[in-house]
Ligand code: HEC
């Protein structure tokens, strides 16, 4: 039986509401930079940079050529120029890039809170006092062979996918792919796949189960699932490989990728040679999800530009588009009969569309945050969403509010997959764990590769 549920994943964008840039208190309320309050603000800011930025912006790992550990280097900035300009918060890149909806967005997979953004802004506006000692990260014992360039224990699960026979689950834990044996309880993982240096963003199985593709920053690795040997590599993609899927005939691998601030590109690769068959610019900005229609002919794509677009897979030509959401579209799932498509947005709305007429059939409001992933396991009217509060929600194609809210995972969810019979759902969380829910909405399994 074929499964048309959401089985890839998407990069998460945490922009909820667009905050005004000047969200922090005006100068009249601000503390003087030299006073005790200023030192306090500086300490808070240093801790914020330490906890959310430094692991990617230091001397060893200077993403975007930016090192934020030393004030002088932060002022020089990265490839694009100064990261901050003391006294001018709104013009400073570190403020611009942390706003909801910005592209590039920092930290890439998280949204800082309004209060944190306000504190950083106020700190820059009042002179950006630097406290180097407060920036030091305590040494942690990290297995570098496992973690590659990821210096901390941050191993979010941005991507997971079940094998077509539902016996194996491949999940990205940071930059490591673990193939969990989910057919037997408490069994050790079947494989740990190394080779990505950055966080795994997307994972896809071929429909025959013979190949697994894993996508990270600019790179896709292809694995033979019989012995987990590496059988191919695509490099030099424009940026993060934010979504991926195989066509139902196994002949083609579809990737979505974009350079920061650039158009999202779809590329079709021959599975046998990894030669590029076709590519085109599909969205203005990141493509967060892909879904192939059950007839195998149409590809639906979800964009940061708030659009859902439909393409003919044979020619790469646009068939139609929907102005779907008021914020980036993060997730897609076809109803298994192909008549309807569900889209989830950073506007916290789930929408259901008639795929023939483009008409909006239902809007489901009441999710607490991003709808990061959707599964539509059966031909009936029930679908399941994964959201920021870690809960799954049972929705229906006609109800305007979520029906049941299921048990909450320990952290926000990025991705979701479901078994062919619809009885088990697997969600990947920001805390590095994978959770499984049964149809009563209870969490029955927690997979934590750190403990295996
Ligand atoms: C997980 C790694 C990671 C974290 C954490 C991170 N960044 Fe970045 N940052 C990047 C990458 C990668 C780039 C390059 C642009 C891109 O690919 O999106 C970048 C680029 C930047 C740039 C632009 C540099 C230039 O001039 O090209 C700024 C400014 C920046 N980050 C600020 C921050 C701030 C502030 C934080 C913390 C709130 C942060 N980053 C956290 C990975 C990270």
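In the working numbering, the protein residues as written are 66 to 517.
Beta carbons are placed, not taken as given, at the ideal position from N, Cα and C, and that holds for glycine.
Keep in mind that this is a model prediction, so the values were computed, not measured.
Review point. Under a Cβ-count criterion, where at least 16 other Cβ atoms within 10 Å of its own Cβ denotes burial, should residue 271 be classed as buried or exposed?
Key: buried
Point to revise | Segment limits, alpha helix (DSSP H) that includes residue 181 | key: 179 to 190
Point to revise | Span separating the alpha-carbon of residue 290 from that of residue 136 | key: 48 Å
Review point. Under 6 Å from any heavy atom of the ligand HEC, does the C-beta of residue 171 make it?
Key: yes
Point to revise | Where residue 417 falls, given that 16 or more other Cβ within 10 Å makes a residue buried | key: buried
Review point. Ends of the beta strand (DSSP E) at residue 234?
Key: 233 to 238
Review point. Using the rule of at least 16 other Cβ atoms within 10 Å of the residue's Cβ for burial, across every protein chain shown, is residue 281 buried or exposed?
Key: So residue 281 counts as buried.
Practice item. Would you kindly check if the distance between the Cβ of residue 497 and the Cβ of residue 266 is under 7 Å? Key: no
**Study point:** Cβ separation of residue 149 and residue 189, assumed to be a contact under 8 Å, to the nearest whole Å
**Key:** Yes, they are in contact, since the Cβ atoms of residue 149 and residue 189 sit about 5 Å apart, within 8 Å.
Check your understanding: Over what stretch of residues does the alpha helix (DSSP H) that includes residue 136 continue unbroken?
Key -> 136 to 141
Exercise for review: Label residue 428 either buried or exposed according to how many other C-beta atoms from any shown protein chain fall within 10 Å of its C-beta, with 16 as the threshold for buried.
Suggested key: exposed
Review point. Among 448, 438, 350, 191, which one has its Cα closest to the Cα of residue 152?
Key: 191
Exercise for review: Quick one: residues in its chain with C-beta nearer than 6 Å to the C-beta of residue 195, no 5 flanking neighbours on either side, listed in chain order?
Suggested key: 136
Practice item. Could you have a look at residue 160 and say whether DSSP puts it in helix, strand or coil? Key: helix
Review point. Between which two residues does the beta strand (DSSP E) harbouring residue 176 extend?
Key: First-last for residue 176: undefined, no H or E at that position.
Review point. Relative to the alpha-carbon of residue 465, which residue among 479, 473, 446 has its alpha-carbon at the smallest distance?
Key: 446
Review point. For residue 402, which option in 413, 158, 420 has the closest C-alpha, if you only look at C-alpha atoms?
Key: 420
Check your understanding: What did DSSP end up calling residue 332 once you bin it into helix, strand or coil?
Key -> strand
Review point. Using the C-alpha atoms, what's the distance from residue 372 back to residue 422?
Key: Residue 422 and residue 372: Cα-Cα distance of roughly 16 Å.
Check your understanding: Taking C-beta to C-beta, are residue 452 and residue 432 nearer than 7 Å?
Key -> yes
Check your understanding: Who are the near neighbours of residue 184 in its chain, counting only those whose CB is closer than 8 Å to its CB and skipping five residues on each side?
Key -> 89, 106, 109, 110, 113
Exercise for review: Examine the ligand HEC and report whether any of its heavy atoms sits within less than 6 Å of the Cβ of residue 126.
Suggested key: no
Check your understanding: Closest by CA to residue 476, which one among 500, 482, 359, 470?
Key -> In terms of CA proximity to residue 476, 500 leads the group 500, 482, 359, 470.
Review point. With which residues is residue 385 paired in a DSSP beta bridge?
Key: 375
Point to revise | Opening and closing residue of the beta strand (DSSP E) in which residue 366 lies | key: The continuous beta strand (DSSP E) containing residue 366 extends over residues 363 to 368.
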